[in-house]
Amino acid sequence: MKDLEIPIKETGIDSIDLVTIRVGLEKYFNFEVNDADWYGFNSLTEVLYFFHKNKRNSESVIDISKPIMTERTLEIRMPQMANSALSENWFLKEIGDIHWELLSLGLVQKSSKFKDDVGNRLYATFVRINYSIRPLNYFQENEIIELSGEISRFGSNTYFTSIHGNCNDKSIHAELISIFAIRELNYNSMISKSNPQTKINHIKQLDFCPDILNQYKLLKKELLDELSFQNYKFQLSNNSIYSIDYKINPYYEINGVGLLYFACYPIILTVVLTLFFVLQLN
Amino acid sequence: MDDQLIIKLNNIEILNENTFQTSSSIYRKNDNKHIASIFSVKQK
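From first to last, the protein sequence lines are chains F and L. Per my numbering, the very first residue in the first sequence carries number 94; after that it's consecutive. Per my numbering, the very first residue in the second sequence carries number 2; after that it's consecutive.
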């Protein structure tokens with residue numbers, strides 16, 4: 094037991110091993126530790142004491158897990174289109190909305206009622222979204238899109254939705270992860286993690302940490318050199334080959350709770366790419 | 002209402018005549034806080 098009291102930095106445990114230990118403990122004790130607490134631990138004894146102490150608090154939630162799923166059938170009409178193609182902005186809003194609908198079904202609460210234990214409004218904040226879809230101009234007006242989604246969770250703060258769909262011969266896949274966060278002092282610049290205050294949570298607990306979440310944690314801690322998605326590999330670098338200042342348009346790039354809408358990211362990126370390509374041609 | 006972002010194109014790679022991939026990052030301008038990374042494959 095004395096070994097557990099050795100300062101972590103003197104144990105020889107490297108950063109990746111520490112992430113693995115953290116993920117394992119979060120999985121075993123069924124809740125997540127926030128970064129401020131995690132980086133405050135000096136020894137493994139402190140880590141274990143923290144998890145044991147907080148385990149009792151998380152046991153008060155009634156956990157009657159059942160599949161929480163939804164299905165949507167939509168015809169591609171003008172709101173779903175942009176410039177003779179499927180609107181990527183609409184598509185991202187739709188899959189984001191499926192995730193929020195599933196959260197509400199699983200927690201048996203309207204999204205506006207999500208609160209933490211001291212009454213702060215909670216926002217389901219997306220931390221990672223992966224999706225693959227055929228080129229947008231392959232989608233035609235009046236085609237039917239069918240989407241089905243199922244939500245699960247890892248601890249009480251991290252929620253994971255998997256969406257599958259099709260539109261004739263075109264398949265669609267998406268994975269979304271959100272955490273619950275509060276605005277501190279009502280500032281958008283100060284957002285911190287928090288947990289829903291709920292007595293009922295029907296959303297099934299995963300018995301493994303999904304790859305998308307593991308990879309996100311490693312990415313956030315800058316422990317990855319490369320990111321893989323399907324057969325593609327992205328070298329991670331802070332280098333910049335082109336950069337612009339971009340003024341947010343609050344009329345369509347801010348969401349209903351006053352935060353930058355993730356659904357606008359591809360449009361912003363397209364603007365930057367267009368400027369970059371024009372510069373190259375000149 | 003006056004919030005600004007910095008958008009950085011970190012890398013672009015042409016995979017074939019119909020496909021390219023990009024890595025880019027979004028930062029909040031007033032404090033340079035990293036908001037998002039976007040990894041994208043675009044196909045004609």
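The C-beta atom is built at its ideal place from N, Cα and C for all residues, glycine as well. Predicted, not measured: the structure shown is a model, and the values here were computed from it.
request  = May I ask which residues mark the beginning and end of the beta strand (DSSP E) holding residue 163 of chain F?
outcome  = Position 70 of the first sequence, counting from 1, holds the residue named residue 163 of chain F. Element bounds for residue 163 of chain F: 161–168.
query = Among all the DSSP beta bridges, which residues are the ones paired with residue 175 of chain F?
reply = Here residue 175 of chain F corresponds to residue number 82 of the first sequence, with the count starting at 1. According to DSSP, residue 175 of chain F bridges with F/178.
query = Under 7 Å, do residue 122 of chain F and residue 146 of chain F count as touching if we go by C-beta distance?
reply = Stepping through the first sequence from its first residue, residue 122 of chain F is reached at position 29. Stepping through the first sequence from its first residue, residue 146 of chain F is reached at position 53. No, the Cβ-Cβ distance between residue 122 of chain F and residue 146 of chain F is not below 7 Å.
key: residue 290 of chain F vs residue 210 of chain F beta-carbon contact at 7 Å   = On the first sequence, residue 290 of chain F is found 197 positions in, with the first residue counted as 1. On the first sequence, residue 210 of chain F is found 117 positions in, with the first residue counted as 1. It is a contact, given that the beta carbons lie within the stated cut-off.
ask   = In the DSSP assignment, what are the bridge partners of residue 17 of chain L?
value = Sequence index remark: in the second sequence, residue 17 of chain L carries index 16 (1-based). L/20.
inquiry  = In whole angstroms, give me the CA-to-CA distance for residue 33 of chain L and residue 332 of chain F.
reply    = Here the question's residue 33 of chain L lines up with position 32 in the second sequence. Here the question's residue 332 of chain F lines up with position 239 in the first sequence. In a straight line, the C-alpha of residue 33 of chain L is about 15 Å away from that of residue 332 of chain F.
key: For residue 273 of chain F, the nearest candidate out of F/217, F/370, F/372 and F/255 (CA to CA)   = Start at 1 with the first residue of the first sequence, and residue 273 of chain F comes out as number 180. The shortest C-alpha separation from residue 273 of chain F is found at F/217.
ask   = Which of helix, strand or coil does DSSP assign to residue 298 of chain F?
value = Within the first sequence, the letter at position 205 stands for residue 298 of chain F. It is a strand residue.
message = Can you check whether the C-beta of residue 297 of chain F is within less than 7 Å of a C-beta belonging to chain L?
response = Here residue 297 of chain F corresponds to residue number 204 of the first sequence, with the count starting at 1. Not an interface residue.
Other residues of its chain near residue 226 of chain F: CB distance less than 6 Å, five sequence neighbours each side excluded = As a working mapping, residue 226 of chain F is identified with position 133 in the first sequence. If we look at residue 226 of chain F and ignore the five residues flanking it on each side, its Cβ neighbours are 265.
task = Mark residue 252 of chain F as exposed unless 16 or more other C-beta atoms lie within 10 angstroms of its C-beta, in which case mark it buried.
result = Here residue 252 of chain F refers to the residue found at position 159 when the first sequence is read from its first residue. Buried, since its Cβ has 16 or more Cβ neighbours within 10 Å.
key: Which listed residue (F/202, F/204, F/223 and F/178) has its alpha carbon closest to that of residue 45 of chain L   = One-based indexing of the second sequence puts residue 45 of chain L at position 44. The shortest C-alpha separation from residue 45 of chain L is found at F/178.
query = Do residue 8 of chain L and residue 337 of chain F have their C-beta atoms within less than 7 Å of each other?
reply = As a first step, residue 8 of chain L must be located in the second sequence, where it is residue number 7. As a first step, residue 337 of chain F must be located in the first sequence, where it is residue number 244. Yes, the pair counts as a contact, with Cβ atoms nearer than the cut-off.
request  = For the alpha helix (DSSP H) holding residue 119 of chain F, just list the boundary residues, first then last.
outcome  = Mapped onto the first sequence, residue 119 of chain F falls at position 26. Note, residue 119 of chain F: alpha helix (DSSP H), 108–122.
request  = Taking residue 254 of chain F as part of the beta strand (DSSP E), name the residues at either end of that continuous run.
outcome  = Taking the first residue of the first sequence as position 1, residue 254 of chain F is located at position 161. First-last of the beta strand (DSSP E) with residue 254 of chain F: 251–260.
Partners in chain L for residue 216 of chain F, counting only beta-carbon separations shorter than 8 Å = As a working mapping, residue 216 of chain F is identified with position 123 in the first sequence. Correct list: empty, because the minimum Cβ distance to chain L is about 15 Å.
ask   = So which residues on chain L does residue 338 of chain F lean against when the C-beta distance must stay under 9 Å?
value = As a working mapping, residue 338 of chain F is identified with position 245 in the first sequence. Going along chain L in sequence order, the residues near residue 338 of chain F (Cβ under 9 Å) are 5, 6, 7, 8 and 30.
query = On the three-state DSSP scale, how would you describe residue 10 of chain L?
reply = Counting from 1 along the second sequence, the entry for residue 10 of chain L is found at position 9. Residue state, collapsed to three classes: strand.
ask   = If you measure from the beta carbon of residue 309 of chain F to each beta carbon in chain L, is any gap under 7 Å?
value = Numbered from 1 along the first sequence, position 216 holds the residue referred to as residue 309 of chain F. With 7 Å as the cut-off, residue 309 of chain F does not count as an interface residue toward chain L.
query = If you follow the alpha helix (DSSP H) that residue 363 of chain F is part of, which residue opens it and which one closes it?
reply = Start at 1 with the first residue of the first sequence, and residue 363 of chain F comes out as number 270. Element bounds for residue 363 of chain F: 358–374.
key: DSSP three-state assignment for residue 126 of chain F, whether helix, strand or coil   = Translated into the one-based positions of the first sequence, residue 126 of chain F becomes position 33. Coil.
key: Contained alpha helix (DSSP H) runs [length at least 4] in the stretch 301–343 of chain F, N- to C-terminal order   = 304–313
request  = Report yes or no: is there a C-beta of chain L within less than 7 Å of the C-beta of residue 177 of chain F?
outcome  = The residue labelled residue 177 of chain F in the question sits at position 84 within the first sequence. False, the Cβ-Cβ gap to chain L never drops below 7 Å.
request  = Check whether the stretch 233–246 of chain F touches the stretch 314–333 of chain F, counting contact only when three or more Cβ pairs, one atom from each stretch, lie closer than 8 Å.
outcome  = no
ask   = For residue 212 of chain F, is the classification buried or exposed, using 16 other Cβ atoms within 10 angstroms of its Cβ as the cut-off for buried?
value = Mapped onto the first sequence, residue 212 of chain F falls at position 119. Under this definition residue 212 of chain F is an exposed residue.
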